[in-house]
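Protein sequence lines correspond, in order, to chains X and W. Each residue of the first sequence is one higher than the last, beginning at 1450 in my numbering. Each residue of the second sequence is one higher than the last, beginning at 434 in my numbering.
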Amino acid sequence: DTGVSQNPRHKITKRGQNVTFRCDPISEHNRLYWYRQTLGQGPEFLTYFQNEAQLEKSRLLSDRFSAERPKGSFSTLEIQRTEQGDSAMYLCASSFVPPKAGGLVSTDTQYFGPGTRLTVL
Amino acid sequence: SQKIEQNSEALNIQEGKTATLTCNYTNYSPAYLQWYRQDPGRGPVFLLLIRENEKEKRKERLKVTFDTTLKQSLFHITASQPADSATYLCALEPDTGRRALTFGSGTRLQVQP
């Protein structure tokens, strides 16, 4: 399977515990994104990487959240001291955007993984 | 404030009919807009992208229009099938070059056999 994979698919934890999620993007993709989605809402952007550099973080990303993408391949998202409000689906997406796209604005079609559903008790 | 609005009410239609979903946005000037499909418990799947200078885009039974004056995109599924039942999300890049997509909350489509 050459799509985006995420592990674990489900995680149940107690409030105050730390959790870590992993995302393996499509191998040739240079961009990797993390989103959070709650029931009835669209995905909300958390952070993204170009290769190994973390280029942007959302205001939603409190200091309890940290993400890494060592060597520009897989990425991990860690949540420390989880709270019940952290319960959500955490989605990873990847894309490839070439360095230059001529006269056109380059577009960014993102390919999503199946998500990790986090439940904080 | 910036908003992307999709009809939160589920759309129920009969098999064979055309489904039309609406995406309206406020205080954005996107260079392009995308539509994704999401099934329960799964990540979104890309369907179509339309640029600001394109009025219409088609792919098989899917058609998307983009009206930058009305700040609206319409997504059509012709000859709908029960397998088309899913939530459909529109998404745009809020600022050109800032790659984070902003999504609407999605519209759930239910196609009755």
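The beta-carbon is built from N, C-alpha and C at its ideal position, and this holds for glycine as well. From a predicted model like this one, the values you see are computed outputs, not experimental measurements.
So residue i contacts chain W; which residues on that side make the cut at Cβ distance below 7 Å?
i	result
Thr1556 (chain X)	Tyr465, Leu482
Near residue i, what residues of its chain come up, given a Cβ to Cβ distance below 8 Å and the 5 sequence neighbours on each side ignored?
i	result
Thr1462 (chain X)	Val1468, Thr1531, Leu1567, Thr1568, Val1569, Leu1570
Would you mind telling me which residues of chain X sit closer than 9 Å to residue i, beta carbon to beta carbon, in chain order?
i	result
Phe536 (chain W)	Tyr1484, Gln1486, Gln1490, Gly1491, Pro1492, Glu1493, Phe1494
According to the Cβ coordinates, are residue i and residue j closer than 7 Å?
i	j	result
Phe499 (chain W)	Pro1492 (chain X)	no
Gln545 (chain W)	Gln467 (chain W)	no
Leu1495 (chain X)	Ser1524 (chain X)	no
Gln543 (chain W)	Ala464 (chain W)	no
Under 9 Å between beta-carbons, which chain W residues line up against residue i? List them in chain order, please.
i	result
Gly1564 (chain X)	Gly474, Arg475, Gly476
Phe1561 (chain X)	Tyr469, Gln471, Arg475, Gly476, Pro477, Val478, Phe479
State yes or no: is the beta carbon of residue i nearer than 7 Å to at least one beta carbon in chain W?
i	result
Leu1481 (chain X)	no
Are the C-beta atoms of residue i and some chain X residue less than 7 Å apart?
i	result
Leu522 (chain W)	yes
Ala533 (chain W)	yes
If I measure Cβ to Cβ from residue i and keep anything under 7 Å in the same chain, skipping five residues before and after, which residues do I get?
i	result
Thr1465 (chain X)	The sequence shown places Gly at residue 1465 (chain X), rather than the Thr named in the question. Here the set comprises Arg1530, Thr1531.
Ser1536 (chain X)	Leu1567, Thr1568, Val1569
Could you work out which residue in the options is closest to residue i when comparing CA atoms only?
i	options	result
Pro1519 (chain X)	X:Cys1472, X:Val1546, X:Leu1510	X:Cys1472
Leu1510 (chain X)	X:Arg1485, X:Asn1500, X:Pro1474, X:Gly1521	X:Arg1485
Gly449 (chain W)	W:Gln514, W:Gln505, W:Gly474, W:Ile437	W:Gln514
Leu482 (chain W)	W:Thr502, W:Asn457, W:Tyr469	W:Tyr469
Thr502 (chain W)	W:Phe479, W:Thr511, W:Glu487	W:Glu487
Gly1521 (chain X)	X:Glu1477, X:Thr1558, X:Ser1515, X:Ser1454	X:Glu1477
Asn457 (chain W)	W:Leu525, W:Lys504, W:Lys496	W:Lys504
Which chain W residues are close to residue i, counting only those with a beta carbon under 8 Å from its beta carbon?
i	result
Tyr1539 (chain X)	Under the 8 Å cutoff, chain W gives no residues; its nearest Cβ is about 10 Å from Tyr1539 (chain X).
Give the interface partners of residue i over in chain X, defined as CB-CB distance under 7 Å, in chain order.
i	result
Ala452 (chain W)	Near Ala452 (chain W) there are no residues of chain X at all, since even the closest Cβ is about 19 Å away, more than 7 Å.
Gly539 (chain W)	Gly1491
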